[in-house]
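Residue numbers (the working numbering), protein chains in the order written: chain A, 1 to 215; chain B, 1 to 215.
Listed below in structure tokens is the structure:
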């Protein structure tokens, strides 16, 4: 059984949990105490010199970056599963959405929100606009299709839902975008084990945000 | 018909897709989209890519974007063998991890320094941004201490992507003398097909930054 080093509130960690649930893979969950610097200890640095979570260790093979992990899990444990299609064009579209998530949507959100949560910075209007622009793009991608890379649930939806749901902890109203609203409800009700894999961790993230913002 | 790449040589990701294509050996038809003239916002371009980003690939009517997704697609579809994007699951996961490292760390930190200088009237590089990039370069140096290329002992699309990003900041004159493994690898990259073409674009990028920097 692969080990997953994770923290419940982290969106990228939740994307891995969602994928594991969708593939029916059991993971040996290992909580990493970032607060006490567990990720900077030599034994963790040996697994992942970049000391990020999530990190997956599968039979001695250590890999990090959530989107590299989730595509690895499908390739290894469920080859041919529509969650990560094998047809080159369909796969290219899923990859494109994964890069949209890491490079645009989650990036813009982190850039806007995390300095407020972890650095006590005031909200930056321009960065807020950056998040809105990313959401507009997602809304456009979802026009006329059920999921973000076509009419099947894919790992791109699981990665994006982990990111987008995190916006619930912020003042960004992503549900005003009609396609996003519809997609959000659809993924919540069709991603296997959504509540356990994402809902619980999202709650932990919201509480963390509340506590940090109080300080 | 050759795949067509909508390209702007100054853009690092755009050069990354092209550099990958050069190693793959697939003939590419290039159409320049001049971001400085905002050509990406023309109606005709928005029609094919609502995210209006460069690079965008049109492979016989199949349109996609995100440079690293393009590199993966081209390698899978047109690669003579799987060396540049291995089919072996672990090696592929490692390449993907490095591609996501570029997408969310290295390229982002280079952009954070250069974008405000090129477009927003900033004339100095803030110390915290400098430190941020150097700490990311520390990770890259560490990856390269373990293998000849960034994702193992063969060239992969992770090298072409990361080199395209790095060459931009090298052209600004970034000091990498503290990173011996990066120095060694940069020399190796001179053997990549399309190296000179990439340097030309990187040089133009470097000049666009340097002309706005206070000396």
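Beta carbons: idealized from backbone N, C-alpha and C, even for Gly. Computed from a prediction, not measured in an experiment: that's the story for all the values here.
Using a Cβ-Cβ distance under 9 Å, would residue i count as near chain A?
i: residue 100 (chain B); result: yes
i: residue 22 (chain B); result: no
i: residue 31 (chain B); result: no
i: residue 108 (chain B); result: yes
i: residue 77 (chain B); result: yes
i: residue 66 (chain B); result: yes
i: residue 50 (chain B); result: yes
i: residue 218 (chain B); result: The shown model of chain B, from 1 to 215, leaves out residue 218 (chain B), and the question about it has no answer.
i: residue 6 (chain B); result: no
i: residue 162 (chain B); result: no
i: residue 182 (chain B); result: no
i: residue 85 (chain B); result: no
Please confirm whether residue i has its beta-carbon closer than 9 Å to some beta-carbon of chain B.
i: residue 89 (chain A); result: yes
i: residue 99 (chain A); result: yes
i: residue 43 (chain A); result: no
i: residue 154 (chain A); result: no
i: residue 96 (chain A); result: yes
i: residue 18 (chain A); result: no
i: residue 179 (chain A); result: no
Which chain A residues are close to residue i, counting only those with a beta carbon under 8 Å from its beta carbon?
i: residue 225 (chain B); result: Outside the modelled stretch of chain B, which goes from 1 to 215, sits residue 225 (chain B), for which no answer is possible.
i: residue 40 (chain B); result: Those within 8 Å of residue 40 (chain B) in chain A number zero; the least Cβ separation is about 14 Å.
Considering only residues of the same chain and omitting the five flanking positions on each side of residue i, which have a CB-CB separation below 8 Å?
i: residue 171 (chain A); result: 123
i: residue 90 (chain A); result: 149, 150
i: residue 165 (chain B); result: 12, 13, 16, 102, 106, 107, 110
i: residue 145 (chain A); result: 151
i: residue 286 (chain A); result: No information on residue 286 (chain A) is available, as it lies outside the stretch 1 to 215 that chain A covers here.
If the cut is a Cβ gap below 7 Å, which residues of chain B does residue i touch?
i: residue 124 (chain A); result: Correct list: empty, because the minimum Cβ distance to chain B is about 13 Å.
Kindly list the residues whose CB is nearer than 7 Å to the CB of residue i, restricted to its own chain and excluding five residues on each side of it in sequence; keep chain order.
i: residue 165 (chain A); result: 198, 202
i: residue 29 (chain A); result: 4, 6
i: residue 199 (chain B); result: 167
i: residue 95 (chain B); result: 85, 86, 151, 156, 157, 158
i: residue 136 (chain B); result: 105, 106, 109
Among residues of its own chain, excluding the 5 on either side of residue i, which ones have a beta-carbon nearer than 6 Å to its beta-carbon?
i: residue 93 (chain A); result: 149
i: residue 157 (chain B); result: 20, 71, 75, 84, 85
Under a CB-based cut-off of 9 Å, is residue i close to chain E?
i: residue 96 (chain B); result: In the structure shown, chain E cannot be found, because the protein chains are A and B.
Along the chain, where does the alpha helix (DSSP H) that runs through residue i open and close?
i: residue 173 (chain A); result: Careful: residue 173 (chain A) lies outside any alpha helix (DSSP H) and carries neither H nor E.
i: residue 56 (chain B); result: Element bounds for residue 56 (chain B): not the alpha helix (DSSP H) but the beta strand (DSSP E), 56-59.
i: residue 151 (chain A); result: That residue, residue 151 (chain A), is in no alpha helix (DSSP H); it is neither H nor E in DSSP.
Starting from residue i, find everything on chain A with Cβ-Cβ shorter than 7 Å and list it in chain order.
i: residue 90 (chain B); result: 61
i: residue 62 (chain B); result: 89
i: residue 69 (chain B); result: 92, 95, 96, 99
Just to confirm the assignment, what range does the beta strand (DSSP E) spanning residue i have?
i: residue 66 (chain B); result: Run containing residue 66 (chain B): none; DSSP gives neither H nor E here.
i: residue 61 (chain A); result: 61-64
i: residue 6 (chain B); result: 4-7
i: residue 55 (chain A); result: 55-58
i: residue 32 (chain B); result: 29-32
Interface residues of chain A around residue i at Cβ under 9 Å?
i: residue 171 (chain B); result: Per Cβ cutoff of 9 Å: no residues; residue 171 (chain B) is ~22 Å from chain A at best.
By the criterion of Cβ-Cβ separation under 8 Å, what are the contact partners of residue i in chain B?
i: residue 64 (chain A); result: 97
Return the bridge partner residues of residue i from the DSSP annotation.
i: residue 184 (chain A); result: DSSP output for residue 184 (chain A) lists no bridge partner at all.
i: residue 4 (chain A); result: A:29, A:56
i: residue 130 (chain A); result: In DSSP, residue 130 (chain A) forms no bridge with anything.
Residues of chain B with CB closer than 9 Å to the CB of residue i, please, in chain order.
i: residue 149 (chain A); result: Chain B residues near residue 149 (chain A): none, gap ~11 Å exceeds 9 Å.
i: residue 137 (chain A); result: 50, 51
i: residue 140 (chain A); result: 50, 51
Flag residue i as yes when its Cβ comes closer than 8 Å to any non-hydrogen atom of the ligand GDP, and as no otherwise.
i: residue 47 (chain B); result: The ligand GDP is not part of the structure shown, which contains no ligands of any sort.
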